[in-house]
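Trainee: Would you mind keeping the following structure in view while I ask a few things?
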Amino acid sequence: MSKVHPTAVVEDGAQIGQDVEIGPYSVVGPNVVLGDGVKLHSHVAIAGLTTLGDQCEVFPFASVGHAPQDLKFKGEQSRLIIGKRTKIREGATLNPGTEGGGMETTIGDDCLLMTGAHVGHDCHVGNHCILVNNGTLAGHVLVEDFAIVGGLSAVHQFVRIGKHAMIGGMTGVESDVIPYGSVIGNRAYLSGLNIVGLKRRGFDRETIHSLRKAYRLLFAQEGTLAERVEEVAKDFEGVGPVMEIINFLKAESMRSVCTPKYDSSAG
């Protein structure tokens with residue numbers, strides 16, 4: 007049986023799964039779908055065509071599924087779809103899609119969106135991703151599995167963040183971030199690979215060594231990036247994680263790619 011606090015408002019039409027908890031002063035709109043075991047703490051507001059997967063947990067004052075912060079939005083019936091076991095902390099804001107971006111925002115399973123995090127319209131966030139406190143995604147951002155966006159960081163619209171990447175705190179990200187990469191800076195530059203994350207997730211030493219070697223070759227200062235990508239693709243054809251970086255770099259994108267910051271004064 008679900009538990010709905012008497013001060014909560016669940017509008018007619020909302021679909022509520024089994025063992026759902028809806029806390030005091032929360033509001034659930036008529037087109038919302040809550041999976042089994044979802045828990046809404048007090049003062050949670052969920053609107054629009056929003057779906058929360060099983061066992062999601064939403065904390066006070068989160069705003070989930072309300073109209074996008076886009077002046078071109080005219081009330082189109084766009085969606086916000088959130089996977090299973092994702093936690094949405096206090097004051098987070100998650101917006102649905104728009105007509106200009108595919109009409110859908112998606113967030114995967116087992117994500118953690120910390121206090122004040124923002125997922126803008128038409129974003130696609132993978133599984134096991136973390137947005138640390140006040141990490142913000144502008145519209146149309148792609149975040150692949152296991153990526154982490156550090157606290158007080160901002161990601162420009164249309165940027166892609168590859169899987170297992172790490173965005174350092176207080177970083178402004180204007181360019182695509184390769185899988186396994188680590189970026190920092192007022193305007194992000196590539197500072198290396200996310201070695202700590204790779205070790206935590208059980209990547210073996212041989213794979214990490216291959217990634218290090220490929221990274222040095224890809225971002226050497228000789229030749230063009232396109233030339234280096236082709237060379238690394240040939241040399242590391244059988245190494246899956248390296249090829250994920252290669253495929254990421256070869257894919258079409260509306261943004262440039264984050265690269266290392268070279269010392270112009272070096273001889």
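In the working numbering, the protein residues as written are 7 to 273. Beta carbons are placed, not taken as given, at the ideal position from N, Cα and C, and that holds for glycine.
Would the region 49-66 count as touching the region 19-38 if we require 3 or more Cβ pairs under 8 Å?
Mentor: A contact exists between the region 49-66 and the region 19-38.
Trainee: Under the DSSP definition of a beta bridge, which residues are partnered with Asp42?
Mentor: Here residue 42 corresponds to residue number 36 of the sequence shown, with the count starting at 1. Its beta-bridge partners do not exist; DSSP assigns none.
Trainee: Is the beta carbon of Gly107 closer than 8 Å to that of His127?
Mentor: Along the sequence shown, read from residue 1 onward, the residue named residue 127 stands at position 121. Along the sequence shown, read from residue 1 onward, the residue named residue 107 stands at position 101. Taking 8 Å as the Cβ cut-off, His127 and Gly107 qualify as a contacting pair.
Trainee: Threshold first: 3 residues or longer. Then list the beta strand (DSSP E) segments lying entirely within the region 136-208, N to C.
Mentor: Segments of the beta strand (DSSP E) lying fully in the region 136-208: 187-190, 195-199.
Trainee: Just the C-alpha distance for Gly71 and Val147, rounded to the nearest angstrom, thanks.
Mentor: Counting from one through the sequence shown, the residue named residue 71 turns up at place 65. Counting from one through the sequence shown, the residue named residue 147 turns up at place 141. When rounded, the distance between both Cα atoms is 17 Å.
Trainee: Taking the beta strand (DSSP E) that Leu55 belongs to, which residues open and close that run?
Mentor: By 1-based counting over the sequence shown, the position of residue 55 is 49. Note, Leu55: beta strand (DSSP E), 55-58.
Trainee: For Arg85, which beta-bridge partners are listed by DSSP?
Mentor: Start at 1 with the first residue of the sequence shown, and residue 85 comes out as number 79. According to DSSP, which records beta bridges pairwise, Arg85 is partnered with Leu55, Glu110.
Trainee: Helix, strand or coil, according to DSSP, for Glu3 in the structure here?
Mentor: Nothing about residue 3 can be reported from this structure: the residues present for the chain run from 7 to 273 only.
Trainee: Let me check understanding here. Comparing Cα to Cα, which of Gly81, Ser8, Glu82 lies closest to Leu46?
Mentor: Working through the sequence shown from its first residue, we reach residue 46 at position 40. Residue Ser8 is the option with its Cα nearest to Leu46.
Trainee: When burial is assigned at 16 or more other CB atoms within 10 Å of the CB, is Val16 buried or exposed?
Mentor: Taking the first residue of the sequence shown as 1, we reach residue 16 at position 10. With 16 or more Cβ atoms within 10 Å of its Cβ, Val16 is classed as buried.
Trainee: Would you list the one or two residues that DSSP bridges to Thr99?
Mentor: Numbered from its first residue, the sequence shown carries residue 99 at position 93. According to DSSP, which records beta bridges pairwise, Thr99 is partnered with Ser69, His124.
Trainee: Smallest Cα separation from Thr111: which of Arg95, His134, Ser84?
Mentor: Looking up residue 111 in the sequence shown gives position 105. It is Ser84 whose Cα lies nearest to the Cα of Thr111.
Trainee: Within its chain, find whatever has a CB closer than 6 Å to the CB of Ala160; leave out the 5 residues flanking it on each side and keep chain order.
Mentor: Stepping through the sequence shown from its first residue, residue 160 is reached at position 154. Closer than 6 Å at the Cβ level, and outside the excluded window around Ala160, lie Thr142, Gly178.
Trainee: Could you say if the region 234-241 and the region 194-202 meet the contact criterion of at least three C-beta pairs nearer than 8 Å?
Mentor: Because the criterion of three Cβ pairs below 8 Å is not met, the region 234-241 and the region 194-202 do not touch.
Trainee: Quick check on the DSSP output: the alpha helix (DSSP H) that includes Pro74 runs from which residue to which?
Mentor: Position 68 of the sequence shown, counted from the start, is the residue given in the question as residue 74. First-last for Pro74: undefined, no H or E at that position.
Trainee: Are Ala220 and Ile251 touching if we call contact CB-CB under 8 Å?
Mentor: Indexing the sequence shown from 1 puts residue 220 at position 214. Indexing the sequence shown from 1 puts residue 251 at position 245. Their beta carbons are under 8 Å apart, which means Ala220 touches Ile251 by this criterion.
Trainee: Between which two residues does the alpha helix (DSSP H) containing Asp241 stretch?
Mentor: Stepping through the sequence shown from its first residue, residue 241 is reached at position 235. Run containing Asp241: 231-241, per the alpha helix (DSSP H) assignment.
Trainee: Exposed or buried, which one is Pro12 when buried takes at least 16 other CB atoms within 10 Å?
Mentor: Here the question's residue 12 lines up with position 6 in the sequence shown. Pro12 comes out exposed.
Trainee: Sorted by chain position, which residues of the same chain lie with C-beta nearer than 7 Å to Ala144's C-beta, five sequence neighbours on each side aside?
Mentor: Here residue 144 refers to the residue found at position 138 when the sequence shown is read from its first residue. Once the five neighbours on either side are set aside, the close Cβ partners of Ala144 are Gly126, Val161, His162, Gln163.
Trainee: If we call anything under 8 Å between Cβ atoms a contact, is Gly156 one with Val183?
Mentor: If you number the sequence shown from 1, residue 156 lands on position 150. If you number the sequence shown from 1, residue 183 lands on position 177. For Gly156 and Val183, no; Cβs fall outside 8 Å.
Trainee: Given this structure, state the Cα-to-Cα distance separating Ile173 from Gly132, to the nearest angstrom.
Mentor: On the sequence shown, position 167 is the one that residue 173 refers to. On the sequence shown, position 126 is the one that residue 132 refers to. Their backbone Cα atoms lie some 15 Å apart in a straight line.
Trainee: Between the C-alpha atoms of Phe79 and Arg207, what's the straight-line distance to the nearest angstrom?
Mentor: Translated into the one-based positions of the sequence shown, residue 79 becomes position 73. Translated into the one-based positions of the sequence shown, residue 207 becomes position 201. Answer to the nearest angstrom: the Cα atoms are 40 Å apart.
Trainee: Since Gly175 and Leu199 should fall inside the 8 Å C-beta cutoff, what is the C-beta to C-beta distance between them, to a whole number of angstroms?
Mentor: Taking the sequence shown and counting its residues from 1, the one referred to as residue 175 is at position 169. Taking the sequence shown and counting its residues from 1, the one referred to as residue 199 is at position 193. Their Cβ separation, rounded to whole angstroms, is 18 Å, which puts Gly175 and Leu199 out of contact at 8 Å.
Trainee: Which residues bound the alpha helix (DSSP H) around Ser216?
Mentor: Walking along the sequence shown from the start, residue 216 turns up at place 210. Segment 211-224, the alpha helix (DSSP H) holding Ser216.
Trainee: Which residues bound the alpha helix (DSSP H) around Lys78?
Mentor: Taking the sequence shown and counting its residues from 1, the one referred to as residue 78 is at position 72. Premise fails: Lys78 is in no alpha helix (DSSP H) and is neither H nor E.
Trainee: Could you work out which residue in His49, Val189, Ile167, Pro66 is closest to Thr121 when comparing CA atoms only?
Mentor: Taking the sequence shown and counting its residues from 1, one reaches residue 121 at position 115. It is Pro66.
Trainee: Go ahead and pull the three-state DSSP assignment for His11.
Mentor: Residue 11 sits at position 5 when you count from the first residue of the sequence shown. His11 falls in the coil class under three-state DSSP.
Trainee: Excluding sequence positions up to five away, which residues of its chain have a Cβ less than 6 Å from the Cβ of His49?
Mentor: To locate residue 49, count along the sequence shown from 1; it is residue 43. Contacts found: Tyr31, Pro66, Phe67.
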